[in-house]
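Everything below concerns the one structure shown next.
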Amino acid sequence: MTMTTAEWICTRCGSTNRILVPDGATRAADECLTCHTRHALEVDARPVRWRATSQAKAWARHGTVLKDSVSPSPPFRVGT
Ligand SMILES: [Zn+2]
Numbered sequence: 002m003t004m005t006t007a008e009w010i011c012t013r014c015g016s017t018n019r020i021l022v023p024d025g026a027t028r029a030a031d032e033c034l035t036c037h038t039r040h041a042l043e044v045d046a047r048p049v050r051w052r053a054t055s056q057a058k059a060w061a062r063h064g065t066v067l068k069d070s071v072s073p074s075p076p077f078r079v080g081t
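Here the working numbering is used: the first residue of the sequence shown is 2, the next is one more, and so on.
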């Protein structure tokens with residue numbers, strides 16, 4: 002299978018990332034090498050430069066849910 006290089010710009014830190022995708026692919030997902038933000042990638046008019054959509058929001062929401070599900074620590078009564 003022929004692979005082609007998709008280039009995308011991180012929406013968070015602006016870094017240029019590259020990922021190998023199968024020739025003819027229109028979608029991919031990758032993680033920024035610099036800030037590790039997940040992005041959904043979609044082929045654009047220019048096949049080399051892909052459109053990146055940050056998935057950080059979904060992750061943040063997930064993180065919030067996780068945080069909310071953890072009950073706050075009970076106030077510690079430090080024995081004196
Ligand atoms: Zn980044």
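Yeah, the Cβ is synthetic: ideal placement off N, Cα and C, and Gly gets one too.
Computed from a predicted model, the values in this text were never measured in an experiment.
Cα atoms of C14 and W51: separation of roughly 16 angstroms, rounded to the nearest angstrom. Ranking T3, S55, W9 and T12 by CA distance to the CA of P23 puts T3 first.
Taken through DSSP and simplified to helix, strand or coil, R47 comes out as coil. Listed by position in the chain, the residues whose beta carbon lies within less than 6 angstroms of some heavy atom of ligand 1 are C11, R13, C14, S16, C33, T35, C36 and T38.
Judged by beta-carbon spacing, T12 lies within the 9 angstroms limit of S55, meaning their Cβ atoms are closer than that value.
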